[in-house]
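Visitor: Numbering (the working numbering), first residue to last: 22 to 406.
All residues carry an ideal CB built from backbone N, CA and C; glycine is no exception.
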Amino acid sequence: MMKSYVSAGAFTVRGKLKAAVVENLIWYGSYLLIFGVFLIYAAVDPKIELDIQNLQVIGITASNTWGLLLLVLLLGYGLVEVPRKYWYQSKKGYLLNYIYFQLAKLSTEKSEAEEHLEDVLEDVRRVSDVIKYNHASRKNVNTIISKCPDTFQDSLVKHLDDFQDYGQRKEQIPSEKDLVKLHSKVIYAMQSRRRTSTQWDILVEKAFELEDVKSNESNHSKNYHHTYDPNYNGLKSYICTPNVEWHWRILLMPTILKVVAVVLVIGSVMVIWCEMTFFCLSPNLSLFSIFVDSANSKNNYLVIEIICIVIMAFLSVCSYYTVFKIRIFDFYLLAPHHQTDENSLLFCGMMLCRLTPPLCLNFLSLIHLDTRTDELETAYKGFIP
């Protein structure tokens, strides 16, 4: 609801709430579909009575089913992409070519964003000329103009014929719905232009940095040379000497990144193996379950905590990494350096909250703690056959 409320182009609280309700009714249709499937299953099964308690169980089951399905998709991508990212980070030549490709792609997006913004601003100018300062909708027009660039606001000057009889004008006055759509267009166009411009500056800076690394690889003096002065200040200026920086960027950093990538590959293989064998209780083939049971047999609770923290951290990183990389056209995109809009931030927060319960349930399955007979049975396990 908050996500839809922020992205709504209405001018009043009531209008924003109405748009948010309509959008969420469409979004939660998938949940209703899953709930309906389980409801039909419960109605057909003679062993299940449809009372308040069982309906609550059906709702919990539908929510967990949707969460586990989402987790499988996101975790599967992250288990492959996270190790590969660190491996490619160690290969500066490949990374530089990738930055060039991103720059070419972003250049097109940047041009399209600027052209789209110019078209939207032209529409705002026409609306501003039609709806003068003695019109009832002028307040909404001023709200739209306040979201435009400062240079555009300065170019809008009041005409001498502001106060005219609108009954004698031939121009069609835009309706409130038209102004709401224009408001949404302005918000989206401004966010796209601001995001692409900032990303362009960041990628250009990154390209210069990688070009410096590439050129310094053949530097036999082992002193790192920058194309532009990095302007190190304070303690960093004493530590980052040209010789130290050359050894760090050319020798140490690629090696460390490759070691990290190999460790992550081993972790991904272990997770995949445990996901494939968690249903096998005898013999116990899940590596994570074996580690926990071994520490538990020695009553070493510190080791158990460390193992659980490491496993949960790795699963969370792989799952949440995919959330951060998801891009749904330009409506949902997490951009670095504070360029993410409110709509995308709320969507990301919503996804993170929905992933937490199925992530914990999946972790319990991997270490076989969801099958202990001395624990209370959850509603999810009690309903699924």
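Here's a check: name, in chain order, each residue in its chain whose Cβ is nearer than 7 Å to the Cβ of W221, leaving out the five neighbours to either side.
Guide: The answer, listed in chain order, is L127, K131.
Visitor: Between V234, L92, A134, L272, which lies nearest to I208 when the distance is taken from Cα to Cα?
Guide: For I208, the nearest C-alpha among the options comes from A134.
Visitor: How would you write the range of the alpha helix (DSSP H) that Y209 sits in, first residue to last?
Guide: Unbroken alpha helix (DSSP H) run through Y209: 197-237.
Visitor: How about L224 and L116: do their beta carbons lie closer than 7 Å?
Guide: Going by C-beta atoms, L224 is not nearer than 7 Å to L116.
Visitor: Based on Cα-Cα distance, which residue from N45, A210, P263 lies nearest to E139?
Guide: Measuring from the Cα of E139, the nearest candidate turns out to be A210.
Visitor: For P379, which of G57, L336, Y353 has the nearest alpha-carbon?
Guide: Measuring from the Cα of P379, the nearest candidate turns out to be L336.
Visitor: What three-state label does DSSP hand L306 in the structure shown?
Guide: Of the three classes helix, strand and coil, the one that applies to L306 here is coil, per DSSP.
Visitor: Give me the Cα-Cα distance between S236 and Y253, rounded to the nearest whole angstrom.
Guide: Answer to the nearest angstrom: the Cα atoms are 21 Å apart.
Visitor: So what's Y253 in DSSP terms, helix, strand or just coil?
Guide: Coil.
Visitor: Have a look at N383 and R35 and give me their C-alpha separation to the nearest angstrom.
Guide: Spanning the two alpha carbons is a distance of roughly 41 Å.
Visitor: Mind checking P67: buried by the 16 CB within 10 Å criterion, or exposed?
Guide: So P67 ends up on the exposed side.
Visitor: Starting from the N-terminal side, write out each stretch of the alpha helix (DSSP H) that is 4 residues or longer and does not extend beyond the segment 268-350.
Guide: Counting whole runs of 4 or more residues, the segment 268-350 contains the alpha helix (DSSP H) stretches 274-298, 308-318, 322-346.
Visitor: Where do the N-terminal and C-terminal ends of the alpha helix (DSSP H) with H137 fall, by residue?
Guide: Counting along the chain, the alpha helix (DSSP H) containing H137 begins and ends at 113-151.
Visitor: Counting along the chain, where does the alpha helix (DSSP H) carrying K160 start and finish?
Guide: 159-167 is the extent of the alpha helix (DSSP H) around K160.
Visitor: Indicate whether the contact test is met: 3 or more Cβ pairs, each with one atom in the segment 358-377 and one in the segment 332-348, closer than 8 Å.
Guide: Taking 8 Å as the limit for Cβ pairs, the verdict is that the segment 332-348 does touch the segment 358-377.
Visitor: With a threshold of 6 Å on Cβ separation, who are the neighbours of L38 within its own chain once the five nearest residues in sequence on each side are excluded?
Guide: Around L38: no qualifying Cβ.
Visitor: So what does DSSP say about Y353, is it helix, strand or coil?
Guide: Looking at Y353 - three-state DSSP - the assignment turns out to be strand.
Visitor: I think P170 touches V286, with their Cβ atoms under 8 Å apart; what is that distance to the nearest whole Å?
Guide: P170 to V286, Cβ: 47 Å. No contact.
Visitor: In whole angstroms, what separates the C-alpha of K454 from that of V281?
Guide: As displayed, the chain neither begins before 22 nor continues past 406, which places residue 454 out of reach and without an answer.
Visitor: Please report the distance separating the alpha-carbon of I293 from that of V145.
Guide: Whole-angstrom Cα-Cα distance: 54 Å.
Visitor: Which first and last residues belong to the alpha helix (DSSP H) in which L177 is found?
Guide: It is not in any alpha helix (DSSP H) - L177 carries neither H nor E in the DSSP assignment.
Visitor: Taking the alpha-carbon positions, what's the S196 to E363 distance?
Guide: So the two alpha carbons sit approximately 27 Å from each other.
Visitor: Among R147, Y98, Y119, T219, whose alpha-carbon lies nearest the alpha-carbon of P357?
Guide: Ranking the options by Cα distance to P357, first place goes to T219.
Visitor: Measure the CB-CB distance between L204 and I165 and report whether it falls below 7 Å.
Guide: First, the amino acid is wrong: residue 204 is His here, not Leu. Closer than 7 Å, so yes.
Visitor: Is the beta carbon of G99 closer than 7 Å to that of S340?
Guide: Yes, Cβ-Cβ distance for S340 and G99 is below 7 Å.
Visitor: Buried or exposed for C295, going by 16 or more other Cβ atoms inside 10 Å?
Guide: Flag for C295 reads buried.
Visitor: Within the same chain, show all residues whose beta-carbon is closer than 8 Å to that of Y249, passing over the 5 residues directly before and after it, in chain order.
Guide: Here the set comprises F229.
Visitor: Just mark L53 as buried or exposed, buried being the case when its beta carbon has 16 or more other beta carbons within 10 Å.
Guide: When all chains shown are included, L53 counts as exposed.
Visitor: Assuming K153 contacts R147 (C-beta within less than 8 Å), just tell me the rounded distance between them.
Guide: Their Cβ separation, rounded to whole angstroms, is 13 Å, which puts K153 and R147 out of contact at 8 Å.
Visitor: Beta-carbon within less than 6 Å of S386's beta-carbon, same chain only, minus the 5 sequence neighbours each way: which residues are those?
Guide: Around S386: F299.
Visitor: What separation, rounded to the nearest whole angstrom, lies between the Cα atoms of H359 and T217?
Guide: Distance between the alpha carbons of H359 and T217 is about 12 Å.
Visitor: Can you round the beta-carbon distance between K113 and V234 to whole angstroms, since I take them to be within the 8 Å contact cut?
Guide: Between V234 and K113 the Cβ distance is about 5 Å, and since that is below 8 Å, they are a contact.
Visitor: Should L376 be labelled buried (16 or more other beta-carbon atoms within 10 Å of its own) or exposed?
Guide: Buried: at least 16 other Cβ atoms inside 10 Å.
Visitor: Of the choices L142, T129, V324, T262, whose alpha-carbon is the least far from that of T172?
Guide: Residue L142 is the option with its Cα nearest to T172.
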